[in-house]
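Below is one structure; the comments refer to it alone.
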Amino acid sequence: MLDFLNPVLWVIEIVVGLGLLIFLHELGHFIMAKRNKVRVEVFSLGFGPAIWKFRRGDTEYRIAWIPLGGYVKMAGEGVGVGSGKADDLTSKSAWQRLQIFTAGAIMNLIIAFPICIIAFLLGKFEVSPEVAVPGMPETYAGMEPGDVLAEIDGVPVQSGDHYRIEMVRKPKGAQVPVKVLRDGKPKDLVVVQSGSESHQIMPRSTRLPTIAAGSTLDKAGIKPGDEILAINGVHLHTGQQLLEMLRDLGGQEVRFLVRRPGETALQGEKFEARVVLPVKPLRRLPMEASLSEPIVGKLFKGNPAYEKLQEDDRFCRIEGLEEALWRRLRDAAPASRKDLFLESEREGRKVFAVEVRSWQDVKDVIEGSIGVPLRIEVERKRERPSFVLRPTYGPSGRGIVGMANKPTKIVAVVPEGSVYAQQGLRTGDMLLSVDGLVGDLSVEKLYEAAEGKESAKVEVQRKDGSRATVVLRPPVKNDCDFAALGITDKKGELALSPSLFLRRRSFGDAVKDGLYEPVNITVLTFQLLYKLFAREESAKGLAGPVGIFKVSYRMTELSPGNFIWLLALITVNLGIFNLLPIPILDGGHVVLLTIEKLRGKPPGEKFVAIFQYIGLVFLLALIVFVTYNDFTR
């Protein structure tokens with residue numbers, strides 16, 4: 011990513027950029043007020059006490075301390091303020107006032123055109139159209155990791171973000187033709203539009219934004235911005251896959267297939283680098299999902315399980331497995347557990363099922379059943395409801411339904427021959443203390459307590475009520491030393507990023523696309539507003555001040571072009587929002603003017619006061635709502 015400013019200056023840039031948009035909005039009102047000979051008492055750049063001011067004619071011009079926009083104070087503005095003078099706002103015709111009230115929003119829309127042209131000339135980073143993890147509807151349509159988005163409804167796909175925008179435009183439930191490239195060959199799919207939250211396609215995330223000088227990768231000729239496409243011939247799509255492979259191969263020589271970014275998302279030099287992965291010996295207990303009970307602890311929105319399962323559901327049985335997976339799992343199971351794998355016949359076809367005893371049973375089935383309709387039977391408050399879920403792709407490339415297990419202190423199943431079995435832990439044990447910890451116990455605490463230690467003492471209560479002490483001794487594992495490899499940032503954290511490409515346009519293309527983009531944004535905004543009112547999209551997706559600032563910060567980190575383009579997006583939305591028929595906003599003034607034209611006289615002061623009060627309450631409620639969204643998102 012382009013660190014063109016340090017974080018302090020980034021914040022200043024965001025404040026100034028957003029403030030400039032609001033100032034230009036007010037400038038529109040100012041220009042039109044002057045044109046219609048309305049006396050402007052104050053025109054301020056910024057809010058609060060004035061740093062510097064001067065008077066020219068009837069107007070006081072100010073630069074104030076708070077650079078969050080500006081304001082225009084016109085003579086006769088407000089309820090019951092007009093003096094009847096010719097240069098009062100209220101003395102002007104309805105047509106003149108309409109020009110003044112709408113000028114700010116029109117200014118916002120006009121300035122979007124040069125802003126977009128500048129952004130496209132500078133170039134902006136865009137997400138690669140390569141698919142690392144398909145969204146849920148895309149998975150059900152047959153999209154796979156490694157596919158390249160080529161067309162959506164006949165429109166060539168420019169980037170991953172472009173695909174999502176085009177999909178969001180479609181009516182909910184629409185069957186949208188999508189063309190992808192799979193191993194270079196076109197493949198036609200039909201994706202059902204399921205709402206913007208469902209079409210979260212994860213881009214390739216094996217890009218290395220930083221490489222430490224003198225590190226193993228640096229010496230191998232790998233540079234910042236390079237992408238790891240494969241290790242030892244195994245293709246990778248996500249950072250999670252990359253890290254899992256590196257951890258398993260610590261100390262070994264591996265072959266990296268690397269791509270150096272080119273002018274477009276899919277271009278770039280590919281080369282192979284041989285690297286001996288540096289080792290960091292670490293004492294660690296193996297993660298065993300078998301130890302955890304099959305109880306749902308958390309559900310993630312936008313995933314298959316979210317609308318059907320509930321927290322504290324206990325998995326009892328899963329049926330509908332494909333025969334190959336069922337046989338593979340049964341063959342790998344110890345003799346004592348083979349009777350949990352059931353085979354029956356229903357309506358002339360075989361049905362394969364698994365009785366669930368641990369979270370590992372759930373994981374094994376879901377991870378191997380991408381796109382397969384599984385019937386899940388759970389225990390819920392003494393009932394046993396069942397649901398059909400179709401797993402979708404997760405960041406690891408394996409199936410997920412969007413849930414996590416609930417941490418409990420009961421040991422579900424201790425795998426035969428495992429470290430835990432060898433050291434005395436038993437199925438059904440209840441944890442009483444873990445290395446001295448007695449509160450907030452769960453099986454997951456075993457891993458934390460033993461990390462980096464020679465041993466951890468665990469007190470348990472057996473199923474027969476007796477107590478026992480189990481001493482767990484983590485084996486030494488040769489973990490990959492990521493710091494020595496060179497892929498940690500200055501804080502010592504792993505640094506991986508999505509696959510991005512800097513898209514610059516020629517002057518002619520920048521002008522052409524820059525003149526079209528504000529129109530495109532305007533149409534998309536109205537489409538989304540319609541979808542909100544039609545309940546095709548959730549209002550929980552709306553962002554408030556915190557969300558806007560957060561996105562602005564990310565864009566500022568990427569490049570100047572990305573941030574400037576975001577300003578274009580914001581200014582168009584600012585203009586449209588101000589024209590909505592909401593009291594207090596410019597659109598509210600237009601409503602009052604319309605009433606005046608229909609009645610032949612202005613509405614009464616009491617009506618206007620109530621009208622404005624309703625608008626104020628609505629806006630305050632909206633601000634609270636979107637700010638709540640920002641903090642809960």
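Read in this note's numbering, the sequence shown has 610 at position 600, and its numbers run on one by one without any break.
Where is the CB? At the ideal position from N, CA and C, for every residue including glycine.
Between the Cα of Lys189 and the Cα atoms of Gln203, Arg179, Met255, Gly164, which residue gives the shortest distance?
Gly164
With DSSP run on the structure shown, which of helix, strand or coil describes Ala223?
coil
Along the alpha helix (DSSP H) that carries Arg340, what are the first and last residues, could you check?
333 to 342
Val470 and Met440 closer than 8 Å at C-beta:
yes
Between the region 394 to 409 and the region 346 to 353, do three or more beta carbon pairs fall short of 8 Å?
no
May I ask you to report which of helix, strand or coil DSSP gives Met297?
coil
Report the rounded CA-to-CA distance for Asp371 versus Glu136, giving the unit in angstroms.
40 Å
Thr604 burial status per 10 Å Cβ neighbour count (16 or more: buried)
exposed
Which first and last residues belong to the alpha helix (DSSP H) in which Asn588 is found?
570 to 589
Endpoints, alpha helix (DSSP H) assigned at Arg107
104 to 132
Spatial neighbours of Leu542 within its chain, please: CB distance less than 7 Å, with the 5 preceding and 5 following residues excluded, ordered by chain position.
Ala549
Alpha carbon of Ile61 to alpha carbon of Phe53, nearest angstrom
14 Å
My parser needs the beta strand (DSSP E) runs of 3 or more residues fully inside the region 334 to 393; what are they?
351 to 356, 359 to 365, 384 to 389
What's the call for Trp369, buried or exposed, on a 16-neighbour Cβ count within 10 Å?
buried
From Pro593 to Lys500, what does the alpha carbon distance come to, in whole angstroms?
50 Å
From what residue to what residue does the alpha helix (DSSP H) around Val600 run?
596 to 609
Using only the alpha-carbon positions, how far apart do Ala222 and Cys490 sit?
16 Å
How far does the alpha helix (DSSP H) with Ala460 in it extend, from its first residue to its last?
454 to 460
Whether or not the region 122 to 135 and the region 195 to 202 are in contact is what I'm after, with contact meaning three or more pairs of Cβ atoms, one per stretch, closer than 8 Å; do they touch?
no
Measure from the alpha carbon of Pro288 to the alpha carbon of each residue in Glu279, Ser302, Gly261, then state which is nearest.
Gly261
Please classify Asp360 as buried or exposed, where buried requires at least 16 other C-beta atoms within 10 Å of its C-beta.
A small correction: the amino acid at residue 360 is Lys; Asp does not occupy that position in the sequence shown. Exposed is the call here.
Measure the C-alpha to C-alpha separation of Leu384 and Glu355 and round it to an integer number of angstroms.
16 Å
Roughly how many whole angstroms lie between the Cα atoms of Arg513 and Arg174?
18 Å
Which residues mark the beginning and the end of the alpha helix (DSSP H) in which Glu254 is found?
249 to 258
Buried or exposed (CB count within 10 angstroms, at least 16 for buried), Lys455
buried
With 16 as the cutoff for other CB atoms within 10 Å, does Ile125 come out buried or exposed?
buried
Three Cβ pairs or more, each shorter than 8 Å: is that satisfied between the region 525 to 535 and the region 578 to 590?
yes
In chain order, what residues of the same chain have a beta carbon less than 6 Å from the beta carbon of Gly625, not counting five sequence neighbours either side?
Ile592, Pro593, Ile594, Gly598
For the beta strand (DSSP E) containing Glu527, name the first residue and the last one.
That residue, Glu527, is in no beta strand (DSSP E); its alpha helix (DSSP H) goes 517 to 543.
Could you work out which residue in Val264, Ile497, Ala122, Thr100 is closest to Gly243 when comparing CA atoms only?
Val264
If you run the structure through DSSP and keep just helix, strand and coil, what is Gln432?
helix
Can you round the beta-carbon distance between Gly145 and His209 to whole angstroms, since I take them to be within the 8 Å contact cut?
5 Å
As assigned by DSSP and simplified to three states, the class of Ile620
helix
As a quick exercise: from Arg515, Pro612, Glu615, pick the residue whose alpha carbon is nearest that of Ile127.
Arg515
Enumerate in chain order the residues of its own chain whose CB-to-CB distance from Val26 is below 8 Å, with the five nearest sequence positions on each side excluded.
Pro77
Is Leu626 helix, strand or coil when you go by DSSP?
helix
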